[in-house]
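Here is the structure we will look at.
Residue numbers (the working numbering): 113 to 509.
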């Protein structure tokens, strides 16, 4: 388990130091790891949504080659339920395979990040993602697509584990919230770029539309790999790995832009020694005194996943096509969602350290509750088993 060598934020706010160009550039490069996850989220469903829509091509040869079972089903069965439109285990594997490999890779990533540093973990993630983008872009069948997705998942597993940790350790304690928001901002930007790419390639004839969308994922991976080669390791990581403390101290002076960093450095060393003294971390977190932190650490990401937002994020184009929108209209609606999401991420980045994390949770949670209840209510009342919604309700949704 990768352990962050961290300090208390309230104490850290008393440290001297400033936001240097080295910290800013390093965090921008590292945060670009969020582009990988964001782009993949945005491109996934739109790409196979375009695959599914290719059944309306002259001969449907694209879909017949990649997903012959779905091609036959869509050609033969015109009376398909809106709630089970594409009944194919292989098709759903296209999405789920990434998250399975991402989960498994994250455990290995934790070990690499702890024992070898944050920088190697970021580079491994970038290389795996680049490989997955190439395999997916040149795929000749669904199995190659799934292999590409598995490699993408490995890349996301490594970057999502190491990048937020890198940002937390490089950022000055009083600005840590804003710097960590850069990762979420890059996820939003990645999704926005994917939506723009999907909309722009929708008119490309043949199979180069979805292939271009998938191959474009190689670009953020290249940016991350090349940039990460020039990243400094964090002082926390150097201390944790047992490197010369003088080297870590000099690096801390460099990234803080001052010579007087002894107080912060001493706290980092103390935190590292305290973390090494914990012999059984998984057993210790089950102790009663850590129960509140454990409950919140599990509950927050769990309820974030089960809110239902992922259905909209991952399957927005399919959702819009199901209610009667055309392919172009569906991709445009998805693009609008990406623009709004990215804009709100920018806003939250500026206010998170002023309003606090709890206030941001409340604002986001209440907004999601109202909007998703509205979406669910309209679909339950106006979308039948077959057919599409009226244009008026389609626009409201």
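Using N, Cα and C, we set each Cβ at its ideal position, and we do this for glycine too.
Same chain, Cβ closer than 7 angstroms to residue i, five either side skipped, listed in chain order
{"i": "residue 447", "result": "307, 308, 311"}
{"i": "residue 359", "result": "350"}
{"i": "residue 366", "result": "134"}
{"i": "residue 421", "result": "480"}
{"i": "residue 371", "result": "365"}
{"i": "residue 401", "result": "none"}
{"i": "residue 232", "result": "224"}
{"i": "residue 472", "result": "460, 464"}
Span separating the alpha-carbon of residue i from that of residue j
{"i": "residue 170", "j": "residue 250", "result": "Interpretation of residue 170 is limited by its pLDDT of 35, a score under 50 that renders its predicted location unreliable; the figure taken from the coordinates is listed afterwards. For residue 170 and residue 250, the distance between alpha carbons rounds to 22 angstroms."}
{"i": "residue 139", "j": "residue 490", "result": "42 angstroms"}
{"i": "residue 214", "j": "residue 397", "result": "24 angstroms"}
{"i": "residue 168", "j": "residue 207", "result": "Low confidence applies here, because residue 168 scores a pLDDT of 40, under 50, leaving its location unreliable; read the following figure in that light. Spanning the two alpha carbons is a distance of roughly 23 angstroms."}
{"i": "residue 128", "j": "residue 281", "result": "16 angstroms"}
{"i": "residue 436", "j": "residue 444", "result": "14 angstroms"}
{"i": "residue 275", "j": "residue 494", "result": "43 angstroms"}
{"i": "residue 329", "j": "residue 243", "result": "10 angstroms"}
{"i": "residue 478", "j": "residue 252", "result": "44 angstroms"}
{"i": "residue 172", "j": "residue 327", "result": "The predicted position of residue 172 is uncertain, since its pLDDT is 45 and thus under 50; a value taken from the coordinates is nonetheless stated next. So the two alpha carbons sit approximately 22 angstroms from each other."}
{"i": "residue 166", "j": "residue 205", "result": "In this prediction, residue 166 scores a pLDDT of 44, lower than 50, which makes its location untrustworthy; no coordinate-derived value is stated."}
{"i": "residue 335", "j": "residue 144", "result": "8 angstroms"}
{"i": "residue 492", "j": "residue 212", "result": "31 angstroms"}
{"i": "residue 469", "j": "residue 408", "result": "13 angstroms"}
{"i": "residue 386", "j": "residue 226", "result": "15 angstroms"}
{"i": "residue 415", "j": "residue 287", "result": "27 angstroms"}
{"i": "residue 130", "j": "residue 284", "result": "7 angstroms"}
{"i": "residue 475", "j": "residue 453", "result": "14 angstroms"}
{"i": "residue 341", "j": "residue 323", "result": "28 angstroms"}
{"i": "residue 399", "j": "residue 363", "result": "36 angstroms"}
{"i": "residue 388", "j": "residue 488", "result": "49 angstroms"}
{"i": "residue 321", "j": "residue 405", "result": "47 angstroms"}
{"i": "residue 379", "j": "residue 354", "result": "15 angstroms"}
{"i": "residue 136", "j": "residue 317", "result": "42 angstroms"}
{"i": "residue 424", "j": "residue 417", "result": "12 angstroms"}
{"i": "residue 115", "j": "residue 348", "result": "Note on residue 115: pLDDT 46, under 50, position unreliable in the model; the coordinate value appears next. Straight-line Cα distance between these residues: approximately 10 angstroms."}
{"i": "residue 403", "j": "residue 391", "result": "18 angstroms"}
{"i": "residue 431", "j": "residue 375", "result": "54 angstroms"}
{"i": "residue 266", "j": "residue 413", "result": "20 angstroms"}
{"i": "residue 440", "j": "residue 315", "result": "9 angstroms"}
{"i": "residue 467", "j": "residue 410", "result": "23 angstroms"}
Own chain partners of residue i with C-beta closer than 6 angstroms, once the 5 adjacent residues on each side are dropped
{"i": "residue 218", "result": "269, 273"}
{"i": "residue 433", "result": "442"}
{"i": "residue 465", "result": "289, 290"}
{"i": "residue 361", "result": "377"}
{"i": "residue 202", "result": "254"}
{"i": "residue 259", "result": "247"}
{"i": "residue 228", "result": "none"}
Anticipated Cβ contact below 8 angstroms, residue i with residue j, distance rounded
{"i": "residue 239", "j": "residue 337", "result": "6 angstroms"}
{"i": "residue 296", "j": "residue 146", "result": "7 angstroms"}
{"i": "residue 230", "j": "residue 313", "result": "Residue 230 to residue 313, Cβ: 35 angstroms. No contact."}
{"i": "residue 485", "j": "residue 419", "result": "With 8 angstroms as the limit, residue 485 and residue 419 do not qualify as a contact, their Cβ atoms being about 11 angstroms apart."}
{"i": "residue 331", "j": "residue 261", "result": "Contact flag wrong, Cβ pair sits at about 18 angstroms."}
{"i": "residue 343", "j": "residue 450", "result": "Actually they do not touch by this definition, with Cβ atoms about 28 angstroms apart."}
Contact under 8 angstroms by Cβ, residue i with residue j
{"i": "residue 290", "j": "residue 461", "result": "yes"}
{"i": "residue 339", "j": "residue 216", "result": "no"}
{"i": "residue 299", "j": "residue 426", "result": "no"}
{"i": "residue 264", "j": "residue 152", "result": "yes"}
{"i": "residue 235", "j": "residue 224", "result": "no"}
{"i": "residue 294", "j": "residue 277", "result": "no"}
{"i": "residue 357", "j": "residue 373", "result": "no"}
{"i": "residue 369", "j": "residue 132", "result": "yes"}
{"i": "residue 325", "j": "residue 155", "result": "yes"}
{"i": "residue 333", "j": "residue 241", "result": "yes"}
Residue-level contact to chain B via CB, residue i, 8 angstroms cutoff
{"i": "residue 460", "result": "Structure shown: chain B not included; a single protein chain is present."}
Proximal residues to residue i (C-beta, below 8 angstroms), its chain only, five neighbours per side dropped
{"i": "residue 483", "result": "none"}
At 4 residues or longer, and completely inside the stretch 205-281: list those alpha helix (DSSP H) runs for me, N to C. 230-249
If we require 4 or more residues per run, which alpha helix (DSSP H) segments fall completely within the stretch 368-434? 374-388, 393-396, 403-418, 421-434
Every unbroken alpha helix (DSSP H) within the stretch 328-368, with a cutoff of 4 residues, ordered by chain: 330-340, 347-352, 357-368
Report the residue ranges of all alpha helix (DSSP H) runs contained in full by the stretch 472-497; include only those spanning at least 4 residues, in chain order. none
Of all the alpha helix (DSSP H) runs that stay within the bounds of the stretch 276-314, which reach a length of 4 or more residues? 288-313
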